[in-house]
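Below: one structure, written as structure tokens.
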Amino acid sequence: MPSNTDTVMPPSLPSRPSHDHAGTGAHPAPCCGHDHAHAGTAAVTAAPSDALPQVRFRIEQMDCPTEAQLIRDQLGKQSGVADLYFNLLTRELTVVAAAAADVAAVSEASARTLRSLGMTPVRLGPGDNAANAAPDAARRARAGVWRLGAGGALAALAEGAAWAGVPEHSPWIGAAVVAAIALCGLPTLKKGWIALRHVTLNIHFLMSLAVLGALAIGQWPEAAMVIVLFALAEKLEAASLTRARRAVEALMQLSPEQASVAQADGTWQDTAVERITVGAVVRARPGERIALDGVVEQGASAVNQAPITGESVPVDKHPGDVVYAGSINESGLLAYRVSTAPGDTTLARIVRIIETAQQQRSPTQRFVDRFSRVYTPAVVLCALLVAFVPPLALGLAWTPWIYSALVMLVIACPCALVISTPVTVVSGLTAAAHMGILIKGGAFLETGRRLRVVALDKTGTLTRGEPVLTDVEPLDGRDRAEMLALAAALDSHTTHPIARAVVAAHAGPLAAVDAFEALHGQGVRGRIAGTLYYLGNHRLIESLGVCRPEVEAALQRLEAQARTAIVLADETQALAVLAVADTLRDGSREALTRLTALGIHTVMLTGDNRATADVIGHAAGVTDVRAELLPEDKWQAVTQLRKTYGPVGMVGDGINDAPALAASDVGFAMGLAGTDTALETADVTLMDDDLRKLPAYIGLSRRTSSVLTQNIVLALGIKVVFFGLALSGAASLWMAVFADVGASLLVIANGMRLLRTADVAAGQRWRIARRNASGEGS
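Position in the sequence shown (first residue = 1) + 9 = my numbering.
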């Protein structure tokens, strides 16, 4: 959680409740039921620190946890290997060496081991991108499609001939079957042999056993059809997973490849983004995307930050404002100075976090992994009993029972069950990112549905965190604009936050001030157009002797509303009463109303005084307001809330809220208020500081949990049905493959429905922006 360098942690402060990010100590599950993360660490990252001795590989065949498990089994026990990091989205493997001197030996041995597993590792250099390390992947994919088509045609021809009455063991059918298996089945049979050598009950071993068993009992056309259907299934599943992978990769493609950079002679030159250094001045024309994070130096424009923050309307940018890589410059010409390196922009960190998050197992994933470790061996044992017990114990014919056992082996693999969870979690994480909600992992995506109470800090969370002018009350019928102009002229000579709020509220030119003087603890004074004016607090007006009942009444009324009141006066009388306050963020009240509608209890935790806290809490719609709290008090409040209500979410700025954030089940940070810290440390980051994303996050979490439950029920239900059909002799091998393929595709498609959440949210933001624009236009 966000660290707090200014606050001493309570001695008994507990660490955040464990979410088992990496599944430490868990044994790999069979088939596809493997943890995407490396084992043996307390946390998982997409790649280790660059300071560690390491070697990186791009492995084209590593697109399923089945392959990752084989690699982990073999490399994990190899001498000199300290750790393994898998990134299935980019098919990247990072091998960490035990010592720097071992890197060369570990690299050579790892490559040799990977090739022995039937894989083609490509060594990556320090700056290489794993996604671009397989230039011939498209060619191989096209060749695979042609082989699949030819093999499918031959298998269909053999099956059709058998249905037409041609003997199944005729040379013509035998030749077609062998050709079909050679075209489509050799990779599967090879992987099945590798799995057998390593005693692994994965899908390739089970499918190979089913095909060879069908050939052995004379079901030649069916054996060919099974291997073709399985190859088709792998192609379809790969295509579905590629869509999920591209949804994440599309985020990185928001950043342009080139940008116009200022040269020493005053000209502009298009330069590759990766060559642009921190401190360079970059130009963004209207309609272009911002190439790198930076600070505007010249120009003004409306910038669409929706790809980064999810904001519904473009944000006006002026000199001094921050711009983000991937956002769109919509109107004016901007020149900005680059503040971050190309690989360290806000957009790049978002992509890295999502890549990391997809490796961290959610609670449902951990359950499925544990279940599959028992399920697959149990089903294989049942298949063996079905194959041998009836013939041996009851004297029944061998062939029908062996055939039924082979059907059970095909349907036994829990691929549909296991593969649905990572696809669903990745889809949910990506949808959240498109909505401007950055979630650090599947555990936090699922935990949102369990939250029963949300605690919020006041300053900088419910409120904007800086005062704004709220009231100008002229006395004795004076002109409001004139009073504000006088106050702004006086306050323009000081940097006090209240003074800045007064100056910001005045849009016109400022009058000249002579003989300006700051009055310590009271206010300021200065001469404007020959008249001496004072602007300050109640004590200053009392000392001048110009305080009267109507001034007192105005001060008391405004202060009762948690506003800081000041008075403008000359040497003889009070002229106006002004007030500033830290106002609610746009959408704070709506967010809390929606949280209440979701059944979430809301609490405000603040160190501010009781009167101010009550006013802000009432305005925001919080019924449980706890004021005058130290950081340790907030931590104790979160601990007590968990005992009373259940899981707690804490929203804060990550500084004085650090103990409370550490004690919560899910810590939320405001992204714009502190993007760097928030992105690196928070469990969930609200990228545009819009609290309305809190109920959106909880809603997404509940939908994700619902989809995960649907997928588990669907996958297990289909298998139960086909187990029954297999035992009754009504199911065939190709029907079992169809069932396994169909279940896998159904759960993948169902999981990827979550990506539509981002599309719906984008549509809603577009409609809101249109409605707002229409309202302003009218």
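All residues carry an ideal CB built from backbone N, CA and C; glycine is no exception.
- When secondary structure is reduced to three states using DSSP, residue 311 falls in the strand class.
- Between residue 186 and residue 163, the alpha-carbon positions lie close to 7 angstroms from each other.
- Runs of the beta strand (DSSP E) lying entirely within the segment 484-565 and spanning at least 3 residues, in chain order: 523-528, 532-537 and 540-545.
- Taking 8 angstroms as the cut-off, the Cβ atoms of residue 520 and residue 538 count as close.
- DSSP places residue 570 in no beta strand (DSSP E); its state is neither H nor E.
- The Cβ atoms of residue 660 and residue 470 sit closer than 8 angstroms to each other.
- For the beta strand (DSSP E) assignment, the uninterrupted runs of no fewer than 3 residues enclosed by the segment 401-451 are, from N- to C-terminal side, 446-448.
- The beta carbon of residue 195 is closer than 6 angstroms to none in its chain, skipping five residues each way along the sequence.
- Note on residue 701: 16 or more other CB atoms within 10 angstroms of its CB, so buried under the neighbour-count rule.
- The criterion of a C-beta distance shorter than 8 angstroms is satisfied by residue 578 and residue 555.
- Residue state for residue 467 is assigned as helix, using DSSP reduced to three classes.
- Excluding its 5 nearest sequence neighbours in each direction, residue 330 has C-beta neighbours in its own chain below 6 angstroms: 305, listed in chain order.
- In the DSSP assignment, residue 610 falls outside any alpha helix (DSSP H) and lies within the beta strand (DSSP E) extending over 610-614.
- Using a Cβ distance threshold of 8 angstroms, residue 724 and residue 752 count as a contacting pair.
- DSSP, read as helix, strand or coil, puts residue 337 in strand.
- As a beta-bridge residue in DSSP terms, residue 679 pairs with 695.
- Just so you know, the alpha carbons of residue 281 and residue 266 end up roughly 6 angstroms apart.
- Contact between the segment 195-210 and the segment 729-748 is absent: fewer than three C-beta pairs spanning the two stretches fall below 8 angstroms.
- The beta carbons of residue 629 and residue 603 sit no closer together than 8 angstroms.
- Taken through DSSP and simplified to helix, strand or coil, residue 282 comes out as helix.
- Taking residue 289 as the centre and dropping the five residues before and after it, the same chain places the C-beta of 270 and 347 closer than 6 angstroms to its C-beta, in chain order.
- The C-beta distance from residue 84 to residue 116 rounds to 12 angstroms, too long to meet the 8 angstroms contact threshold.
- Residue 277 has 271 as its beta-bridge partners, per DSSP.
- Taking all protein chains in view, the Cβ of residue 63 is crowded by 16 or more other Cβ atoms within 10 Å, so the residue is classified as buried.
- Ranking 91, 720 and 294 by CA distance to the CA of residue 431 puts 720 first.
- Taking C-beta separations shorter than 8 angstroms and ignoring five residues to either side along the sequence, the partners of residue 228 in its chain run 177, 412 and 742, following chain order.
- Residue environment analysis places residue 627 among the exposed positions, since fewer than 16 neighbouring C-beta atoms fall within 10 angstroms of its C-beta.
- As for any alpha helix (DSSP H) of minimum length 4 sitting wholly inside the segment 146-184, the runs are 146-172, ordered along the chain.
- Taken in chain order, the complete alpha helix (DSSP H) segments of 4 residues or longer contained in the segment 99-135 are 112-125.
- Remark: C-beta atoms of residue 113 and residue 90 do not approach each other more closely than 8 angstroms.
- Apart from sequence neighbours up to five positions away, the residues of its chain that approach residue 200 with a beta-carbon distance below 6 angstroms are 213, ordered along the chain.
- At least 8 angstroms separates the beta-carbon of residue 514 from that of residue 706.
- Just so you know, the alpha carbons of residue 284 and residue 352 end up roughly 11 angstroms apart.
- Residue 68 has 130 as its beta-bridge partners, per DSSP.
- Note: residue 95 is bridge-paired with 102 in the DSSP secondary-structure output.
- Here residue 354 is actually not in contact with residue 438; their C-beta atoms are around 19 angstroms apart, not less than 8 angstroms.
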